[in-house]
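Q: Keeping their order, the protein sequence lines are chains A and B.
Going by the numbering used here, the first sequence opens with residue 125, and the numbers climb by one from there.
Going by the numbering used here, the second sequence opens with residue 291, and the numbers climb by one from there.
From the three backbone atoms N, C-alpha and C, an ideal C-beta is built for every residue, glycine too.
Okay, here's the structure, questions in a sec.
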Amino acid sequence: MALAKITSVTGRAVPVVGNDIDTDRIIPARFMKCVTFDGLGEFLFNDVRKDPKTGAITDHPLNQARYQGATILLSGANFGCGSSREHAPQAIQKYGFKAVIAESYAEIFFGNSTTLGMPCVTAAREDIAKIAAAVDANPQAEVTIDLVKLEVRFAEQTVKITQRESARDALVNGRWDAIGELLDGIPAVKETARKLPYLATA
Amino acid sequence: MPSPQSLFEKVWTAHTVKKLANGQTQLLIGTHLIHEVTSPQAFGMLRDLGLPVLMPHRTFATVDHIIPTNELVEPYKDSLAQAMMDEVRKNCAQFGITFFDRATGKQGIVHIVGPEQGITQPGTTIACGDSHTSTHGAFGAIAFGIGTSQVRDVLATQTMALGPLKVRRIEVNGRLRPGVYAKDVILHIIRQLGVNGGTGYAYEYAGSTFDGFTMEERMTVCNMSIEGGARVGYVNPDETTFAYLKGRPYSPTGPAWDAAVARWKSFASDPGAKYDDVVKIDAASIAPTVTWGINPGQGISIVENIPSPETATSADDKAGIIEALAYMKLPAGAPIKGTKIDVAFLGSCTNGRLSDFREVAKYLKGRKVAAGVKAIAVPGSQIVALQCEKEGIDKILSAAGFEWRAAGCSMCLAMNPDKLVGEQLCASSSNRNFKGRQGSPTGRTILMSPVMVAAAAVTGTVADAREVFTVN
Ligand code: SF4
């Protein structure tokens, strides 16, 4: 399985501010009654994009005309906390996002996103604020996340980012979906299982 | 002499297949649990890739999230729920996977079924497409909640790619005060360490309080490890663990039992094992705890006042308090005690086990749910339900005004007909108080122990169960 080498992501960005944005917020559970992930993008952040009482469209950044077409999501600390549902990164990706820049991530969300080839990079709060200010001033501003140099370039500015090395390595070398390598390991898997009594018998 | 190791390190080493090119480990997952919400897409991916399930006898399925608890006959009124049921059946039949369907009498919440059947064992690795998989750590297993692509990986290869975790030992010592439960212990821990304090860690729970805990109490604590940001939580296996497992359907028998116990013991953390961090908590300092905000770390003891933005310790904390109070519609600085509730929910993989229902029945006998409060009691499995019914617990709860339901996740996340309506406020024994978690985008949740839910139900307000039921 040849996978794309993801060394950078370039696009417009949209700030979705706040800390601890949880997976229930990203995709409310009632939209998880599905047997495929298709169509999930439509319900991304549903309950904050529509007024829960009236159903009216709110001024959530994803609803604002100026941010339409953005492919980079900006957010705060502990993004994606809560459940292990892959529905969350799937909804973000299906909506059209290609990467996330935030202050920190919940573990499972981070891993799920990486497996989908959607980089989640970490930047300092003040640097995220700078990017947000730049795209607020000019929503058309081009933002580039460079996974090789570990920086974000935008509006003639550059800020440093970090990313867990295993994830960065997997993305830039085109092995973010581990399935191929895991399948190659099957003989060794059987060997390891043979040494574990609870798996050896069967 | 090898240097002393923690259980986490030993289990990790025993299940390591190899190092992957990106530095992660290909980790063997001995036991795979699946449910209807996060598995169908994984089977779809498997079909797309033309792959079989490598060890179908090591995957066990149940249905819990969408299954209605007030409707026993199929087809269900909700055609999407029915479609998901049909999908699990089809996938299990096609790939030869054991399925604890309702007809088996063993169906229930995945984290209750595993232990109940004796599938959850010490020294093993477990994965499930569900974040509360950490529950199984109560047995000294290393149990991971995973995403759907990883469910696919485990189905196809019985492994997944993972980086190692650090280990934080959380020692709780001493006796809990009357009216304080395992749920309060974990709410207290999360309040202290924060909702992301556990990022990158496995939590090892230890100390005399845990030594004295039953398996069900240990499960309640391990269950909510993920709410503190820890991927994994565990308790070292001991005689309590072995006594619980003895005679369960999937437990070893005869000479294999003794061999298994010896092996299980060998996985316990060695004295002198090194930890990346150690936290000590005095059990006597823990009070009945309730949440006031929109994440499980926003908790206070029942006798405290709701925080106000002025008391915030940082700008973040302040913004968090303002956002939470606005959503919860709670007055800053006022006592939480006395807050009016609309719904009382007993159940979930945190507190939907036999001991939970036994404990509330003790106090609800002869009491009545307050007028205007909707109260539902949802056993975590068919086996829990049956035992409660044998003991007359269902009758006590029904007489008090609780609806007694069939097994499932129910109002914990409301992917079924059990939902809050509008801004209803729910006193809940579940594990998440996120915005909209219980089915209404404006619904409000206050997390607490089952006995505190019972006290809230009979008074119609958030109450101190120690006063309501004269616990001392
Ligand atoms: S009871 Fe709640 S937390 Fe537990 S598995 Fe079901 S939905 Fe998840």
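Residue 585/B touches chain A at which residues, Cβ-Cβ below 8 Å?
A: 144, 146 and 205
Q: Out of curiosity, what's the CA-to-CA distance linking residue 425/B and residue 405/B?
A: Approximately 9 Å, taken between the alpha carbons.
Q: Return helix, strand or coil for residue 458/B, following the three-state DSSP convention.
A: strand
Q: Starting from residue 495/B and walking both ways along the beta strand (DSSP E), at which residues does that stretch end?
A: 491-496
Q: Using the Cα positions of residue 397/B and residue 297/A, report the straight-line distance between them to the nearest angstrom.
A: 43 Å
Q: I'd like the ranges of any alpha helix (DSSP H) spanning at least 4 consecutive residues and lying wholly in the region 540-589 of chain B.
A: 545-557
Q: Given this structure, state the Cα-to-Cα distance separating residue 747/B from residue 384/B, to the nearest angstrom.
A: 45 Å
Q: Going by CA-CA distance only, name the one from 256/A, 311/A, 299/A and 284/A that's closest to residue 449/B.
A: Put simply, of 256/A, 311/A, 299/A and 284/A the residue whose alpha carbon is nearest the alpha carbon of residue 449/B is 311/A.
Q: Given residue 514/B, which residues of its chain have a CB within under 7 Å of its CB, disregarding the five upstream and five downstream residues?
A: 476, 480, 586, 640 and 721
Q: Using alpha carbons as the reference points, say which of 525/B, 323/B and 329/B lies closest to residue 502/B.
A: Closest option to residue 502/B, judged by alpha-carbon separation, among 525/B, 323/B and 329/B: 525/B.
Q: Just the Cα atoms here: how many angstroms apart are residue 267/A and residue 291/A?
A: Residue 267/A and residue 291/A: Cα-Cα distance of roughly 21 Å.
Q: With DSSP as the reference, label residue 187/A as helix, strand or coil.
A: helix
Q: Counting contacts by CB-CB distance shorter than 9 Å, is residue 446/B in contact with chain A?
A: yes
Q: Quick check: is the beta carbon of residue 328/B nearer than 9 Å to any beta carbon in chain A?
A: yes
Q: Out of curiosity, what's the CA-to-CA distance linking residue 713/B and residue 321/A?
A: 52 Å
Q: On the three-state DSSP scale, how would you describe residue 174/A?
A: Strand.
Q: Anyone know if the C-beta pair for residue 542/B and residue 550/B falls short of 9 Å?
A: yes
Q: Please state the DSSP three-state secondary structure of residue 127/A.
A: coil
Q: Looking only at its chain, what residues have a beta carbon closer than 7 Å to the beta carbon of residue 328/B, apart from the 5 residues adjacent to it on each side?
A: 419, 420, 438 and 441
Q: So, for residue 360/B: in the same chain, excluding its five sequence neighbours on each side, which residues have a beta-carbon less than 8 Å away from its beta-carbon?
A: 693, 695, 696, 707 and 708
Q: Nearest chain D C-beta to residue 316/A closer than 9 Å, yes or no?
A: The displayed structure is made up of protein chains A and B, and chain D is not among them.
Q: For the beta strand (DSSP E) containing residue 251/A, name the first residue and the last one.
A: Premise fails: residue 251/A lies in the alpha helix (DSSP H), 249-261, not in any beta strand (DSSP E).
Q: What did DSSP end up calling residue 270/A once you bin it into helix, strand or coil?
A: strand
Q: Are there three or more Cβ pairs, one per stretch, closer than 8 Å when the region 674-688 of chain B is compared with the region 602-615 of chain B?
A: no
Q: State yes or no: is the C-beta of residue 207/A nearer than 8 Å to some heavy atom of ligand 1?
A: yes
Q: Excluding five sequence neighbours on each side, which residues of the same chain lie with their C-beta closer than 7 Å to the C-beta of residue 187/A?
A: 173 and 181
Q: Output the residue ranges of the beta strand (DSSP E) runs that lie fully inside the region 605-692 of chain B and measure 3 residues or longer, sorted by chain position.
A: 633-636 and 664-667
Q: Against chain B, does residue 165/A count as a neighbour if the rule is that its beta carbon must be under 9 Å from one of theirs?
A: So, not an interface residue.
Q: Are any of the Cβ atoms in chain B nearer than 9 Å to that of residue 208/A?
A: yes
Q: Please report the straight-line C-alpha distance between residue 298/B and residue 414/B, rounded to a whole angstrom.
A: Those two C-alpha atoms are separated by around 10 Å.
Q: Is the Cβ of residue 308/B closer than 9 Å to any Cβ of chain A?
A: yes
Q: Kindly say whether residue 725/B, judged by its beta-carbon, lies nearer than 9 Å to any beta-carbon of chain A.
A: At a cut-off of 9 Å between beta carbons, residue 725/B contacts chain A.
Q: Among the candidates 408/B, 390/B, 363/B and 377/B, whose CA atom is the shortest distance from the CA of residue 351/B?
A: 390/B
Q: Can you pull the DSSP bridge partners for residue 226/A?
A: 246/A
Q: To which residues of the same chain is residue 508/B closer than 6 Å at the C-beta, ignoring the five residues directly before and after it?
A: 428 and 525
Q: In chain order, what residues of the same chain lie with their CB nearer than 8 Å to the CB of residue 627/B, ignoring the 5 residues before and after it?
A: Scanning its chain for C-beta atoms nearer than 8 Å, with the 5 sequence neighbours on each side dropped, one finds around residue 627/B the residues 592, 593, 751, 752, 753 and 754, in chain order.
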